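Here the structure is laid out as structure tokens; the discussion comes afterwards.
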Amino acid sequence: MKKKLKFNSAKARSELVELQGGKCCYCRKPFAETRPKQPTLEHKKPKMYGGTNERSNLAAACWQCNQRRGRQMNATKQRKEAKA
2 MKKKLKFNSA
12 KARSELVELQ
22 GGKCCYCRKP
32 FAETRPKQPT
42 LEHKKPKMYG
52 GTNERSNLAA
62 ACWQCNQRRG
72 RQMNATKQRK
82 EAKA
């Protein structure tokens, strides 16, 4: 049986920060200038919509941008559910 690899978010975040030149994927501010300075791991397609932890679905975002996008996605989901 194939062993499933455990997702390592710290490693993924570190690699993405390096690939993105140390900047947020949305506002492009260097993480050294954001509060808190620690980048977050962003799912381009949110997990609640079937997104995965595959590298192609991940980006590094500052905390503020990640929170703003999360609120927008939740509001969109609530509107869709209300229409159903």
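If you count by our numbering, then the sequence shown holds residues 2 to 85, one letter each, in order.
Even glycine gets a Cβ: it sits at the ideal position worked out from N, Cα and C.
None of these values were measured; they are calculated from a predicted model.
Close-in-space but distant-in-sequence residues of the same chain around residue i (CB under 7 Å, 5 per side omitted)
| i | result |
| --- | --- |
| residue 31 | 23, 24 |
| residue 12 | none |
| residue 10 | 42 |
Same chain, Cβ closer than 6 Å to residue i, five either side skipped, listed in chain order
| i | result |
| --- | --- |
| residue 52 | 44, 46, 58 |
Selected residue, minimal CA-CA separation from residue i, among the options
| i | options | result |
| --- | --- | --- |
| residue 1 | 84, 56, 82, 15 | Given a span of 2 to 85 for the chain in the structure shown, any question on residue 1 remains unanswerable. |
| residue 21 | 60, 35, 54, 55 | 60 |
| residue 86 | 28, 81, 54 | This structure cannot speak to residue 86, because the chain is shown only from 2 to 85. |
| residue 17 | 8, 33, 50, 56 | 56 |
Span separating the alpha-carbon of residue i from that of residue j
| i | j | result |
| --- | --- | --- |
| residue 41 | residue 48 | 15 Å |
| residue 19 | residue 54 | 18 Å |
| residue 96 | residue 50 | One cannot answer for residue 96 here, as it falls past the ends of the chain, which runs 2 to 85. |
| residue 71 | residue 33 | 22 Å |
Beta-carbon proximity of residue i to residue j, cut-off 8 Å
| i | j | result |
| --- | --- | --- |
| residue 26 | residue 76 | no |
| residue 73 | residue 35 | no |
Residues bridged to residue i [DSSP beta-bridge criterion]
| i | result |
| --- | --- |
| residue 43 | 60 |
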